[in-house]
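**Student:** I'd like to ask you about the structure that follows.
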Amino acid sequence: MTGFQQSEPARPTGPVVPIAGRRFHAYTAKHLDELTARAGLSPAERLAVRAVATVLPFRTNAYVVDNLIDWDAAPADPIYRLVFPQADMLPEVDVGRMAMLLAREAPDAEVRAAAHEVRMGLNPHPAGQLALNTPALNDEPLPGLQHKYPETVLIFPKQGQTCHAYCTYCFRWAQFVDEPDLKMSMGDAGLLVTYLLGHPEVTGVLVTGGDPMIMGAPVLRRYIEPLLDPRLDSLESIRIGSKSLGYWPQRFVTDPDADDTLALFEEVVALFHGALLASAGTRITDRRRGGAQDPGHRRGHPYPGAAHPVHQRRCGDLGRHVAQSGPDGHDPVLHVCGARHRSAGLLRRAAGPRP
Ligand code: SF4
5 MTGFQQSEPA RPTGPVVPIA GRRFHAYTAK HLDELTARAG LSPAERLAVR
55 AVATVLPFRT NAYVVDNLID WDAAPADPIY RLVFPQADML PEVDVGRMAM
105 LLAREAPDAE VRAAAHEVRM GLNPHPAGQL ALNTPALNDE PLPGLQHKYP
155 ETVLIFPKQG QTCHAYCTYC FRWAQFVDEP DLKMSMGDAG LLVTYLLGHP
205 EVTGVLVTGG DPMIMGAPVL RRYIEPLLDP RLDSLESIRI GSKSLGYWPQ
255 RFVTDPDADD TLALFEEVVA LFHGALLASA GTRITDRRRG GAQDPGHRRG
305 HPYPGAAHPV HQRRCGDLGR HVAQSGPDGH DPVLHVCGAR HRSAGLLRRA
355 AGPRP
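Per this note's numbering, the very first residue in the sequence shown carries number 5; after that it's consecutive.
So this is what it looks like as structure tokens:
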């Protein structure tokens with residue numbers, strides 16, 4: 005790849021921007037060259053990263069870039085590695101092929117066709133999950149549901165098929181690329197309710213995606229509220245798989261619908277043991293809220309937005325709803341729960357019967 009020449013953009017330093025009142029600002033593949041230059045990558049390395057991003061999705065946001073990544077440590081910084089593509093994520097021959105196309109500024113259609121071929125070789129839905137775990141209603145498949153384990157059904161809300169930032173390890177990457185045939189999604193929670201009424205063995209629903217917390221409160225409500233139907237008396241838990249607490253904590257603190265979201269959770273935990281799973285192998289903390297003194301270990305407040313003094317009022321709100329009560333060795337699991345469940349944790353014990 006050394007034959008490809010690119011100009012060296014200036015290495016931006018990134019201003020410190022106060023979090024309060026900021027609106028979500030995404031960075032996508034078109035920003036990659038500038039951002040990877042900031043990490044100190046050479047022109048050839050940057051081209052390789054861009055080549056990977058023609059095949060696999062890239063998206064991050066200003067909060068991750070400005071507050072979570074230690075740019076002095078990049079590209080070795082763990083959060084940088086968590087969200088930025090790396091050349092060894094694809095076979096060398098595929099990286100070379102895509103890089104050649106980018107270097108000669110091939111037409112979009114040609115790049116997309118080549119990217120499609122590479123993706124098809126990556127086993128985008130391992131273990132046949134697209135076909136084998138899709139349940140049916142009256143012999144009609146429900147492609148936005150997965151029923152793999154008897155007691156759990158997954159729903160992939162149509163409007164939740166993106167994330168505040170994409171993780172480089174994500175096995176759901178096919179949901180985020182330009183491959184409609186590979187996507188699982190459902191826009192009608194009513195079908196889920198009908199399915200659950202015929203399957204009393206199901207005790208838990210996992211709302212997944214993408215990241216369901218990318219949806220605004222009114223849309224999220226359209227998927228959650230039907231599950232509060234009293235006829236669903238076998239249902240014990242509703243879980244939402246999300247990294248928003250790490251990637252965009254403003255979602256629960258300062259976003260315009262933060263209060264409405266917490267109010268929805270309050271309705272849910274009045275009936276259920278609700279859980280918001282902020283799952284990751286890495287504890288994500290804001291290095292500007294205490295982690296900066298020890299960036300290698302990422303110490304600091306686990307809810308960076310909530311720790312900000314500007315957010316004291318809402319910090320109280322958040323604290324009422326979110327308790328860090330995961331099992332031993334599982335501390336990134338954050339539970340949204342009612343007080344009586346606060347010490348139990350969904351992963352330790354199923355919720356009891358409804359009051
Ligand atoms: S937040 Fe979850 S769904 Fe989104 S990219 Fe990361 S692991 Fe995948």
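For each residue, glycine too, the CB sits at the ideal point set by N, CA and C.
Because the structure is a prediction, the values reported are computed rather than measured.
#1: Looking only at its own chain, which residues have a Cβ that is under 7 Å from the Cβ of tyrosine 84, when we skip the five neighbours before and after it?
#2: Would you call the region 171-181 and the region 139-148 in contact, with 3 or more CB pairs under 8 Å?
#3: If you count every other CB in all the chains shown that lies within 10 Å of the CB of valine 211, and 16 or more means buried, which is it?
#4: Taking only three categories from DSSP, how would you classify leucine 141?
#5: Note down, in chain order, each residue of its chain lying with its Cβ closer than 8 Å to the Cβ of leucine 45, except the 5 sequence neighbours on either side.
#6: Under three-state DSSP, which class holds histidine 151?
#7: Just to confirm, does lysine 247 get its C-beta within under 7 Å of one of the non-hydrogen atoms of the ligand SF4?
#8: Taking 7 Å as the cut-off, is the beta-carbon of glycine 194 closer than that to any non-hydrogen atom of the ligand SF4?
#9: On the three-state DSSP scale, how would you describe leucine 195?
#10: Drop a sphere of 10 angstroms on the beta-carbon of glycine 191, count the other beta-carbons inside from all chains shown, and report buried for 16 or more, exposed for fewer.
#11: Taking DSSP as the reference, what is the three-state secondary structure of methionine 219?
#12: Under a three-way DSSP split, which group does isoleucine 228 fall into?
#13: For proline 82 and phenylalanine 88, I'd like the C-alpha separation in whole angstroms.
#14: Since valine 206 and valine 157 are thought to touch, with beta carbons under 8 Å apart, how far apart are those beta carbons, to the nearest angstrom?
#15: What residue from Leu200, Trp75, Asp261 has the CA that sits closest to glutamate 240's CA?
#16: Any heavy atom of the ligand SF4 closer than 7 Å to the Cβ of tyrosine 170?
#17: From this set, Ser238, Ile218, Leu236, Glu229, which residue's C-alpha is nearest serine 246's C-alpha?
**Tutor:** Inspection of the coordinates gives the following:
#1: Position 80 of the sequence shown, counted from the first residue, corresponds to residue 84. Excluding positions up to five away in sequence, the list reads Ala43, Ile73, Ala78.
#2: no
#3: Position 207 of the sequence shown, counted from the start, is the residue given in the question as residue 211. Classification for valine 211: buried.
#4: For the purposes of this step, residue 141 is taken as residue 137 along the sequence shown, with counting starting at 1. Leucine 141: strand per DSSP, three-state reduction.
#5: As a position in the sequence shown, residue 45 is number 41, starting the count at 1. Annotation for leucine 45: Val53, Pro79 place their beta carbon closer than 8 Å to its own, counting only its chain and skipping 5 residues before and after.
#6: On the sequence shown, position 147 is the one that residue 151 refers to. It is a strand residue.
#7: For the purposes of this step, residue 247 is taken as the residue at position 243 of the sequence shown. Lysine 247: yes, Cβ under 7 Å from the ligand SF4.
#8: Residue numbering aside, residue 194 sits at position 190 when the sequence shown is read from its first letter. No.
#9: The count along the sequence shown starts at 1 and reaches residue 195 at position 191. It is helical.
#10: One-based indexing of the sequence shown puts residue 191 at position 187. By the 10 Å Cβ count, glycine 191 comes out exposed.
#11: Position 215 of the sequence shown holds residue 219. Three-state result, methionine 219: coil.
#12: Taking the first residue of the sequence shown as position 1, residue 228 is located at position 224. Three-state result, isoleucine 228: helix.
#13: Position 78 of the sequence shown, counting from 1, holds the residue named residue 82. Position 84 of the sequence shown, counting from 1, holds the residue named residue 88. Distance from the CA atom of proline 82 to the CA atom of phenylalanine 88, rounded to whole angstroms, is 10 Å.
#14: In the sequence shown, the residue the question calls residue 206 occupies position 202. In the sequence shown, the residue the question calls residue 157 occupies position 153. Confirmed, Cβ separation roughly 5 Å.
#15: Residue mapping note: residue 240 aligns to position 236 of the sequence shown, counting from 1. Out of Leu200, Trp75, Asp261, Leu200 has the C-alpha closest to the C-alpha of glutamate 240.
#16: Here the question's residue 170 lines up with position 166 in the sequence shown. Correct: tyrosine 170 has its Cβ closer than 7 Å to the ligand SF4.
#17: Against the sequence shown, residue 246 aligns to sequence position 242. Comparing Cα positions, the closest option is Ile218.
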